[in-house]
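>
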Amino acid sequence: MGLTAPARQVRPSPEEATAPGPPAARGGLRHRLNRLRRLIGIGPFLAYLTLFLIVPSISVVSSAFEDEKGNFTWSNITASLHGVYLTSYKTSLEISAVSALVSAVAGTLVAIALASSTSRTLNRLVTTGSGVFANTGGLPLAFAFIATLGNFGIVTKILSAIGWDPYNHGFTLYSATGLVVVYCYFLVPLMVLVMLPAVQNLRSEWFEAASILGASRRECWHRVGIPLLGPAFFAALMVLFTDAFAAYATAETLTQGTVPLVPIQIGSLIEGNVLSNQQNLGDALGLGMIVVVAIAAVLYATVQRRAARWQH
Amino acid sequence: MRKTTAVRWSAGLAGSAMALVAALAPASGASAREGAVKDASCNWATATSVAACGGMSALIAAAQKEGVLNTITLPPTWANYGTLLKEFSSKYHIKYTDAIPDGSSQQELDAIVHEKGTSKAPDVVDVGTAFAIDGASEHLFAPYKVQEWNQIPANEKDANGDWYYDYGGYVSIGYDASAFTSPPTSFKSLLGSQFKGAVGLDGDPTQANAAFSAVFAASLANGGSFNNVVPGIQFFKQLASAGNFVTAQSDAATIGSGQIKVGIDWDYLNAAYAAQLQGKVDWKVIIPSDAHYASYYVQAVSKYAPDPAAARLWEEFLYSNEGQNGWLEGFARPVLLNNLIKDHAVNESALAKLPVVSGAAAFPSQAQQSAAKAIVVQQWPSVG
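Read top to bottom, the protein sequences are chains A and B. Just so you know, we're using my numbering here: the first sequence kicks off at -4 and counts up by one. Just so you know, we're using my numbering here: the second sequence kicks off at 6 and counts up by one.
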């Protein structure tokens, strides 16, 4: 905060710079109208947030503390932290953390490679492609993987034809490992998109300055590159983590509940054909997810503030 | 808010339409004034039988005045529902809309609650037994007894008329006959090495009733009982560690593309896949010799049905010989099947297509089901 504030003072906003007339004339009606106009502009977004984020969140939180009849109870919260539900939190956190970490490293390497290439076509191709792949998920993605890496998938068939059937070597798509592979499919491109601006902000002058002062290539990265990219990397890691943590349809289609994940448990509790009248427990699990995502968001904001220092 | 006014208005309209119908009904020889009084005591929304409200012709007239039937979660390929709805519609000139065809029983009950008072609310539901019992205890259903009520066995309906079995089937094993030299005959036979990477369920047992029932049936085949579902879970663990169990969902798409070569599912669904994939996959259906597990779905009329007469007419249609044979043509076993056979009213060729069952079917009680579900929810995630 302390560092970004002066920067804003030094650079006057375009509005301030071009505003005509003495300052006294601006404080009045026109200024207020402007402010109102800006509020109107953001109005639909605020309404959207209220309807689709705030209202549902409040209802999830309140019903997590209610029994079927609407009386206050702790029992949903207690149940949501025991047995299979506790296991589900552990598995969900593990799978999200592993796939986020793997994707973050891979995505950063791609971003660095891309930033150092001079081909603008390649650049555009990779960023557009990443935009598409990062938004591919749900059922179609699951089916795409079943058709390629599934037990009778094309890639599996090719691999077994050349003598290495992955299903004979402990791999199966329908497992936690399989989920990590599938999650990486959309997380790596997401990482590329998020990290590319940060990597492009690394000025070659800084590296040159360091090497003139006698730093080796390794020292350059150790003393300059990594400290500068670190906060951005960590912030992006949080984004990937929450993305993986919330994934539902892909996981459910691939594992049919054999890998315990929190979103799958919620699905079983609130809209299944087997368990009836368990919505409150589902909401308690939802509350737990909100807490996990909130922690990730706070970490993200804290780190992002550090990362922003060098991004102007 | 505006919605409420519109709904009140349409409810008012429906009310006056019903008054009109009652006034014009041939049975009422009294004056129009008396007819209106009679209507107050004879409201289709609370009628518990067709006789209580002027018989079939009055019901048909009232339903046609409403002109619409709202169903929910009836996939057209499931137990022949697509054809049944079309036949009902053309027979009585009543339009229908089916909301969320691929939804679940819970979503059906939720819709009754959340859409209460709107013209889109479901008139009738088709749910699993556990959800029927829930819905009845939450007073979501209007009791109604179809004309064939007394023919439905006592343990296959709610005594009050809140819900009643409609059609059902057995847990079955479907398989691609061209893929195996010796076909599966029982749950235990699925452990053989020829079924590597081939066996799938119709969904997640903690979410899909068909898959849950498959686990329960597997338990019966492996020394378990209706009081002990654990051997069923252990069977799938064994199947998974043998590499035979795949968690891709068994349905027409995965069977058609060859991802699933053995699917454990309701016999009416497996038989429907066979018909659907004719010429592409040689899909055969057997009832496993080591477990005869049967289950029925349940009909109920919503207490808040926006089209109460159409809802009741739909039930009358479903339990008529025509409706019962309709389900049979969709490979499901209608609840009045034995009566159909006895009365020589059954569609013989449809009956001949059902997988053969030797020996009696068994049903778990509600208490046994709830206990088993609690265990499956806790232990199923250890299968993978």
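Built from N, CA and C at the ideal position, the CB exists for glycine as well.
Taking C-beta pairs closer than 8 angstroms, name the residues in chain A that Asn1(B) reaches, listed in chain order.
The first residue shown for chain B is 6 and the last is 389, placing residue 1(B) beyond what the model contains.
> Runs of 4 residues minimum, wholly inside the region 133 to 180 of chain B: which ones carry the alpha helix (DSSP H) assignment?
134 to 142
> Drop a sphere of 10 angstroms on the beta-carbon of Leu117(A), count the other beta-carbons inside from all chains shown, and report buried for 16 or more, exposed for fewer.
exposed
> Runs of 4 residues minimum, wholly inside the region 204 to 268 of chain A: which ones carry the alpha helix (DSSP H) assignment?
212 to 215, 221 to 241, 244 to 250, 257 to 266
> Quick one: grab the DSSP three-state call for Ser230(B).
strand
> Identify which residue in Ala116(B), Phe231(B), Tyr309(B), Gln152(B) has its Cα closest to the Cα of Ser325(B).
Gln152(B)
> Counting contacts by CB-CB distance shorter than 8 angstroms, is Thr252(B) in contact with chain A?
yes
> Our contact map puts Asn234(A) next to Tyr295(A) with C-beta atoms below 8 angstroms; I'd like the distance itself, whole angstroms only.
Going by the sequence as given, residue 234(A) is Val instead of Asn. That pair is a contact at about 7 angstroms.
> Among residues of its own chain, excluding the 5 on either side of Ala314(B), which ones have a beta-carbon nearer than 7 angstroms to its beta-carbon?
Trp49, Leu64, Ala67, Ala68, Glu71
> Give me the chain A residues within the contact set of Leu206(B), using Cβ-Cβ distance strictly less than 9 angstroms, ordered along the chain.
Gln251
> Using the Cα positions of Thr102(B) and Asp181(B), report the straight-line distance between them to the nearest angstrom.
36 angstroms
> Tell me the start and end of each unbroken beta strand (DSSP E) in the region 287 to 356 of chain B that is at least 3 residues and wholly inside, in chain order.
Complete beta strand (DSSP E) runs here, min 3: 288 to 291, 299 to 307.
> What would DSSP say about Val288(A), mapped onto helix, strand or coil?
helix
> In angstroms with no decimal places, state the Cα-to-Cα distance between Gly173(A) and Pro386(B).
For Gly173(A) and Pro386(B), the distance between alpha carbons rounds to 15 angstroms.
> Does Ala156(A) pass the burial test, meaning 16 or more other C-beta atoms within 10 Å, or should it be called exposed?
exposed
> Quick one: Cα of Asn352(B) to Cα of Asn330(B), how far?
6 angstroms
> Just by C-beta distance, which residues in the region 162 to 179 of chain A are closer than 9 angstroms to chain B?
Tyr162, Asn163, Thr167, Leu168, Tyr169, Ser170, Ala171
> Quick check on the burial criterion: 16 or more other C-beta atoms within 10 angstroms. Buried or exposed for Met61(B)?
Under this definition Met61(B) is an exposed residue.
> I believe Pro369(B) touches Ile292(B) by the beta-carbon criterion, under 8 angstroms. Please report the beta-carbon distance rounded to the nearest angstrom.
With 8 angstroms as the limit, Pro369(B) and Ile292(B) do not qualify as a contact, their Cβ atoms being about 17 angstroms apart.
> Could one say the Cβ of Thr88(B) lies closer than 8 angstroms to chain A's Cβ atoms, at least one of them?
no
> Which residue marks the beginning of the beta strand (DSSP E) containing Gly145(A), and which one marks its end?
Taken as a continuous stretch (DSSP letters only), Gly145(A) belongs to no beta strand (DSSP E), as it is neither H nor E.
> Is the Cβ-Cβ distance between Gln243(B) and Leu196(B) less than 8 angstroms?
yes
> Just the chain A side, please: which residues come within less than 7 angstroms of Phe217(B) by C-beta, in chain order?
Near Phe217(B) (Cβ distances below 7 angstroms), the residues of chain A are Val269.
> So that I know if they touch, is there some Cβ in chain A lying closer than 8 angstroms to that of Phe146(B)?
no
> When burial is assigned at 16 or more other CB atoms within 10 Å of the CB, is Ile141(A) buried or exposed?
buried
> Could you check if Thr45(A) is buried or exposed, using at least 16 other CB atoms within 10 Å of its CB as the buried criterion?
exposed
> For the candidate residues Val130(B), Tyr86(B), Asp295(B), Thr134(B), whose alpha-carbon lies nearest to that of Ser224(B)?
Asp295(B)
> Let me check understanding here. Comparing Cα to Cα, which of Asn160(B), His297(B), Leu90(B), Thr76(B) lies closest to Tyr175(B)?
His297(B)
> So, with DSSP's three-state summary, where would you put Lys152(A)?
helix
> Rounded C-beta distance between Ile72(A) and Ala59(A)? I'm assuming under 8 angstroms.
With a Cβ gap of about 7 angstroms, Ile72(A) and Ala59(A) count as contacting.
> Let me check understanding here. Comparing Cα to Cα, which of Pro210(B), Ala215(B), Asp167(B), Asn227(B) lies closest to Ser194(B)?
Asn227(B)
> To the nearest angstrom, report how far apart Asp238(A) and Arg317(B) are at their CA atoms.
Straight-line Cα distance between these residues: approximately 47 angstroms.
> Can you confirm whether Arg13(B), when its beta carbon is compared against all beta carbons of chain A, has any partner nearer than 8 angstroms?
At Arg13(B) the pLDDT is 34, less than 50, meaning the model places this residue with poor confidence and gives no usable figure here.
> State the beta-bridge partners of Ile77(B) as determined by DSSP.
Ala104(B)
> Does any C-beta atom of chain A lie closer than 8 angstroms to the C-beta of Gly197(B)?
no
> Short of 7 angstroms in beta carbon distance, which residues of its chain neighbour Ala92(A), apart from the five on each side in sequence? Order them along the chain.
Within the same chain, Ala92(A) has close Cβ partners Phe236.
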